[in-house]
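Structure, as structure tokens:
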Amino acid sequence: NLSSSAIRGAVRGVHYSASKGGVVSMTRALALELAPYGIRVNAIAPGLTDTAQPRYGNTDSELVEMARTTIPLGGKLLTPDQIARTAVYLASDESSATTGQVLHVNGGSYMP
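Quick note: the sequence shown uses my numbering, first residue 376, plus one each step.
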């Protein structure tokens with residue numbers, strides 16, 4: 376599950392933020408319901424990532440500046456690979472005691 380707008384909200388995005396809040400609640404409820412079966416459920420809340428969504432309505436130079444000023448760790452857009460590696464971690468045995476959690480992968484741009 377992906378859910379960063381549940382924490383931060385979005386201007387002109389009440390419906391989107393509300394749906395992401397639902398993703399977080401669903402993640403927690405499913406984690407409790409499925410734990411007896413050994414199934415873990417977690418969410419990833421990605422920060423500003425180099426995908427089509429932030430490019431909509433922003434130039435490359437605007438995105439570079441946005442990342443430089445809002446992402447303390449590295450000052451660059453996150454890559455889809457960084458988000459994917461988090462998903463791989465959550466699916467691995469390395470995270471066997473992790474369930475019902477939201478992992479914020481955002482370079483420090485916000486901290487809940």
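The beta-carbon is built from N, C-alpha and C at its ideal position, and this holds for glycine as well.
Taking residue i and residue j to be in contact with their CB atoms under 8 Å, please state how far apart those CB atoms are, rounded to whole angstroms.
i, j, result
"aspartate 410", "threonine 474", "The sequence given here has alanine at residue 410, not aspartate. Contact holds; Cβ gap of about 6 Å."
"leucine 452", "valine 480", "Their Cβ separation, rounded to whole angstroms, is 12 Å, which puts leucine 452 and valine 480 out of contact at 8 Å."
Compute the Euclidean distance between the alpha carbons of residue i and residue j, then round it to the nearest angstrom.
i, j, result
"leucine 438", "serine 484", "14 Å"
"alanine 393", "threonine 402", "14 Å"
"alanine 442", "valine 398", "26 Å"
"tyrosine 431", "glutamate 408", "38 Å"
"valine 463", "proline 455", "12 Å"
"serine 436", "glutamate 469", "38 Å"
"leucine 478", "leucine 465", "9 Å"
"threonine 434", "glutamine 428", "12 Å"
"asparagine 417", "histidine 390", "22 Å"
"glycine 396", "glutamine 476", "13 Å"
"threonine 426", "glutamate 440", "16 Å"
"valine 386", "methionine 486", "19 Å"
What are the boundary residues of the alpha helix (DSSP H) that includes residue i?
i, result
"proline 429", "427 to 430"
Grab the span of the beta strand (DSSP E) containing residue i for me, first residue to last.
i, result
"valine 480", "477 to 480"
Touch check for the segment 435 to 453 and the segment 412 to 427: three-plus C-beta pairs under 8 Å? yes
**Asked** Which parts of the segment 406 to 469 are runs of the beta strand (DSSP E), unbroken and 3 residues or longer, counting only runs that do not cross its ends?
**Response** 418 to 421
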